[in-house]
Amino acid sequence: MEHAELRVVEGPDRGARIELPLGARLLLGRGDEADLRLNDANVSRRHCAVEHSLAGVFVEDLGSTSGTLLDGARVNGGGPVRAPHGADLRLGGTRLQVLLSLPREPLPALPGVEVIRHLGEGASGSVFEARLPDGTPVALKLLAADADEVTRRRFEREAELRDRLEHPAIARVLRLARLGGRPCLLRELVPGRSLANRLAEGPLSWVEALELGVTVAGALAHAHERGVVHRDVKPQNIILDERGRRPTLIDFDLALRSPTATSEELTRLTRTGEGLGTLSYLAPEQLTQAHAVDPRADVYGLGLTLYHAVTGQRPFADVPPEEFLEALARRGPAPLRSLAPRLPSSACEALERAYAPTPADRYPSARAFAMRLTQVLAGR
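Basically the numbering used here = 1-based index in the sequence shown + 267.
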């Protein structure tokens with residue numbers, strides 16, 4: 268990664284940009300010493316720091332008054348958090364975008380597909396906007412050149428879901444292809460933005476959140492009834508349409524593999540804060556007992572996604588990284604009622620059951636969760 272920059276896309280300083288050279292650590296804030304000085308009364312004088320290292324770009328909150336949000340998740344004082352290409356960084360009333368350099372080699376041509384632009388980076392590779400000969404827009408997911416064999420097999424298996432999942436709230440996988448010797452997936456391109464992006468602006472109303480939950484739970488039930496567990500339900504994997512109403516579930520990357528991380532990987536992720544945005548929505552059994560993972564893990568992930576939606580705060584955001592695993596297994600996130608005091612008790616109880624630490628205490632299925640949310644909405 269040779270080049271990175273920050274661009275202000277919303278707020279008093281809209282249009283401002285600053286280069287972030289490799290090895291640089293820049294201070295963002297309202298004070299005179301800031302490298303990027305923001306004329307926003309809701310931004311602290313020393314708000315946050317952004318650092319560009321060989322490992323990537325990292326954001327660290329410096330004890331700001333209003334807090335720092337990265338893709339809708341609060342960056343606490345536990346250490347720096349990695350910011351991927353295209354990430355939204357919110358400070359007070361100012362929103363910035365993190366832009367990273369793209370590979371210099373030209374993108375190999377895929378016959379019959381016009382590759383238009385880079386959309387972002389995922390855990391296993393890059394995502395591009397593309398177009399088929401008939402004009403149909405698609406997302407092209409290209410496996411990283413340095414991916415190991417396990418990741419490659421998992422990536423290719425995602426194409427197997429094409430004939431198993433057909434639901435209006437699940438992005439369709441169209442086909443597997445080869446691009447420059449690397450496998451790539453073509454899937455339906457869902458217009459809109461992620462739920463994580465939307466939550467960076469604030470929480471949803473509880474009615475909006477539960478309506479979204481009914482739709483996503485229905486999509487998960489469809490997958491579960493066909494033997495597929497998503498295993499990575501989180502705000503980043505839910506796309507809202509251009510009106511911000513209809514959700515679509517994307518990225519079944521983990522659906523056909525065991526997602527258990529090694530103890531060394533978990534230690535690294537929790538020590539640096541990298542990956543906590545994803546780990547915050549994973550059921551406890553996914554981190555320690557891969558063989559025990561069943562559809563109730565997706566119920567848990569959706570439950571905490573809705574927790575984030577009604578509170579505006581990522582679950583476990585108040586927990587230091589070094590205490591995260593203990594909190595996940597024993598304490599759970601901060602009480603829902605304390606963060607959303609106006610949430611009806613019926614809605615609160617419905618969500619709390621979904622993310623119970625023990626699988627047996629959750630809803631037995633996504634279908635049952637959807638039915639309970641529907642009942643709560645009907646009784647409002």
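Glycine is no exception: its CB is placed at the ideal position from the N, C-alpha and C atoms. This one's a predicted model, so the numbers in the text were calculated from it and none came from an experiment.
- One alpha carbon belongs to alanine 406, the other to alanine 436, and they sit about 16 Å apart.
- Collapsing the DSSP output to three states places histidine 319 in a strand.
- Using a Cβ distance threshold of 8 Å, alanine 426 and leucine 443 count as a contacting pair.
- In the structure shown, the three-state DSSP call for glycine 485 is helix.
- Annotated three-state conformation of serine 547 is coil, per DSSP.
- In this structure, the CA atom of proline 551 is about 23 Å from the CA atom of glycine 346.
- Judged by pairs of C-beta atoms under 8 Å, the region 412 to 423 does not touch the region 465 to 483, as fewer than three such pairs exist.
- When the five nearest sequence neighbours on each side are left out, the beta carbons in the same chain lying within less than 8 Å of the beta carbon of histidine 434 are those of Gly485, Ala486, His489 and Ala490, in order along the chain.
- Rounded to the nearest whole angstrom, the CA to CA distance from arginine 512 to leucine 573 is 14 Å.
- DSSP places arginine 634 inside the alpha helix (DSSP H), whose first and last residues are 633 to 645.
- The three-state secondary structure of threonine 515, taken from DSSP, is strand.
- Under the three-state reduction of DSSP, arginine 312 is assigned to coil, being neither helix nor strand.
- At least 8 Å separates the beta-carbon of leucine 644 from that of glutamate 619.
- Partner residues in the beta bridge of arginine 292, as assigned by DSSP, are Glu318.
- With respect to glycine 469, glycine 579 sits close: the two C-beta atoms are nearer than 8 Å.
- Membership of glutamate 423 in any beta strand (DSSP E) is not indicated; the residue belongs instead to the alpha helix (DSSP H) covering 416 to 424.
- Scanning Val577, Glu286 and His270 for the CA closest to the CA of leucine 471 turns up Val577.
- Counting C-beta pairs closer than 8 Å gives fewer than three between the region 606 to 622 and the region 500 to 518, which falls short of the contact rule.
- DSSP, read as helix, strand or coil, puts leucine 366 in strand.
- CA-to-CA, the gap between alanine 271 and proline 288 works out to about 6 Å.
- In the DSSP annotation of this structure, proline 562 is not part of any beta strand (DSSP E); the continuous alpha helix (DSSP H) holding it starts and ends at 562 to 578.
- Annotation: the continuous alpha helix (DSSP H) that includes serine 605 extends over 603 to 606.
- Asparagine 306 is a Cβ neighbour of proline 279, given a cutoff of 8 Å.
- Taking C-beta atoms under 8 Å as the contact rule, glycine 323 and arginine 349 qualify, at a distance of about 5 Å.
- The three-state secondary structure of glutamate 619, taken from DSSP, is helix.
- Rounded to the nearest whole angstrom, the C-alpha separation of proline 624 and alanine 596 is 7 Å.
- A straight line joining the alpha-carbon of phenylalanine 636 with that of alanine 601 spans about 21 Å.
- By alpha-carbon distance to phenylalanine 591, the top candidate from Leu610, Phe422, Tyr548 and Asp518 is Tyr548.
- Counting C-beta atoms within 10 angstroms of its own C-beta, leucine 453 has 16 or more neighbours from the protein chains shown and is therefore classed as buried.
- For alanine 350, no alpha helix (DSSP H) run applies; the uninterrupted beta strand (DSSP E) run containing it begins and ends at 348 to 350, by DSSP.
- Going by beta carbons, glutamate 416 and alanine 438 fall outside the 8 Å limit.
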